[in-house]
Amino acid sequence: VALGCVAGMCMVHALWLASRPFEAPTDAVAHPRGEPLDEARHGEGDGGHDDDLSMIDVLRMGLRNRALLPWLCAVAMCGLLDEVFVAVASVWLEQAFHASLAQRGFVLGLATFGGVLGLVVLDRALARGVDPRRWLTFTAAASGVGLVVWLAAPTLAWSAAGLFLLEALVAQLYPLVQAQAFRAHDRAVVVEALQGLFAPIDFLLPLAIGFVADRVGVVSALLLLGLQTVGIVVIARRRALAPGP
Numbered sequence: 045v046a047l048g049c050v051a052g053m054c055m056v057h058a059l060w061l062a063s064r065p066f067e068a069p070t071d072a073v074a075h076p077r078g079e080p081l082d083e084a085r086h087g088e089g090d091g092g093h094d095d096d097l098s099m100i101d102v103l104r105m106g107l108r109n110r111a112l113l114p115w116l117c118a119v120a121m122c123g124l125l126d127e128v129f130v131a132v133a134s135v136w137l138e139q140a141f142h143a144s145l146a147q148r149g150f151v152l153g154l155a156t157f158g159g160v161l162g163l164v165v166l167d168r169a170l171a172r173g174v175d176p177r178r179w180l181t182f183t184a185a186a187s188g189v190g191l192v193v194w195l196a197a198p199t200l201a202w203s204a205a206g207l208f209l210l211e212a213l214v215a216q217l218y219p220l221v222q223a224q225a226f227r228a229h230d231r232a233v234v235v236e237a238l239q240g241l242f243a244p245i246d247f248l249l250p251l252a253i254g255f256v257a258d259r260v261g262v263v264s265a266l267l268l269l270g271l272q273t274v275g276i277v278v279i280a281r282r283r284a285l286a287p288g289p
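Shown next as structure tokens:
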């Protein structure tokens, strides 16, 4: 933060990218109702060997899949309310409540436990057969509302409680969106290859957030972060109305 919001966003987001899992989500997340894998997934290919495909073939297969690209956009947006949000939130706690470094560490640590709780809730919900897209739509919309409510918190204690609940919601977005991306195509190599095309977005979005925080203000940057939830709701609703996954 001392280096400026732009540099801070780059450093924090680099850590987030390094910590992202490189394997496909489990079928329990992508197919909570236990559908057969070949029937639940939708995409190109006949289950052949991925080693026989060139990179051009892989990219062509992915780009033809209209169900996959929107979900990959949503995956790219998930970095906004993850570690990037935590970095900006730390600045906000200092500006709004004059929170010390120890107080900010405690509040953000509490938010981390909220994220763990959110993943437990997600696991239980999917185990009970909840539709993942409907749960994703609800969670994303609730996250957007929760962000606004958190910004309106009058005291540091209320802000800590609000951030705990907000992170419990936000933590569920990435695994849900990632699972839908892998569900949209029957070959994981295609999904992973196309995710590489979104690397510039992963790099530029934190820069944009940091620039807004430096030039316009932290509140504006936080509200801009909330656009992730709007984008995910739109994608989830449009894909729910479209045929296929």
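The sequence shown begins at 45 in our numbering and counts up by one.
Yeah, the Cβ is synthetic: ideal placement off N, Cα and C, and Gly gets one too.
No experiment lies behind these values; they were computed from the predicted model shown.
- Per DSSP, D230 is not a residue of any alpha helix (DSSP H), being assigned neither H nor E.
- Under the three-state reduction of DSSP, D258 is assigned to helix.
- For A196, the closest alpha carbon among the candidates W136, N109 and L251 is that of W136.
- At a cut-off of 4 residues, the continuous stretches assigned as alpha helix (DSSP H) that sit fully inside the stretch 111 to 152 are 112 to 121 and 127 to 141.
- Per DSSP, the continuous alpha helix (DSSP H) segment holding D101 begins and ends at M99 to L107.
- Look at G173 here: in three-state DSSP terms it is coil, with no helix or strand label.
- For the pair I253 and V128, the CB atoms are nearer than the 8 Å cut-off.
- Our two residues, Q272 and D101, have alpha carbons roughly 31 Å apart in a direct line.
- About 4 Å separates the CB atoms of A184 and I276; that is less than 8 Å, so the two are in contact.
- For Q216, the secondary structure class from DSSP, reduced to helix, strand or coil, is coil.
- Proximity of the stretch 228 to 242 to the stretch 98 to 113 meets the contact definition, three or more beta-carbon pairs being nearer than 8 Å.
- For the pair of segments examined, the stretch 155 to 172 was found to touch the stretch 206 to 214: the number of CB pairs separated by less than 8 Å reaches three.
- V192 and M99 have their C-alpha atoms spaced approximately 43 Å apart.
- Straight through space, the alpha carbons of W115 and Q224 are spaced by roughly 7 Å.
- Sequence-distant Cβ neighbours of L163 in its own chain, meaning closer than 8 Å and more than five residues away, are A215, Q216 and P219.
- Cβ contact annotation for G188 (same chain, cutoff 6 Å, sequence separation greater than five): G270 and T273, in chain order.
- In chain order, S203 place their CB closer than 8 Å to the CB of A140, counting only its own chain and leaving out the 5 sequence neighbours on each side.
- Taking C-beta atoms under 8 Å as the contact rule, A243 and V256 fail to qualify, at a distance of about 21 Å.
- When V278, L170 and V132 are compared, the shortest CA-CA separation from D258 is found for V132.
- P250 carries a helical assignment under DSSP once its states are collapsed to helix, strand and coil.
- Annotated as distal: G123 and L268, with beta-carbon spacing of 8 Å or more.
- Sequence-distant partners of V119 (beyond 5 residues in either direction) whose C-beta falls short of 6 Å from its own C-beta, in its chain, are V221, Q222 and A225.
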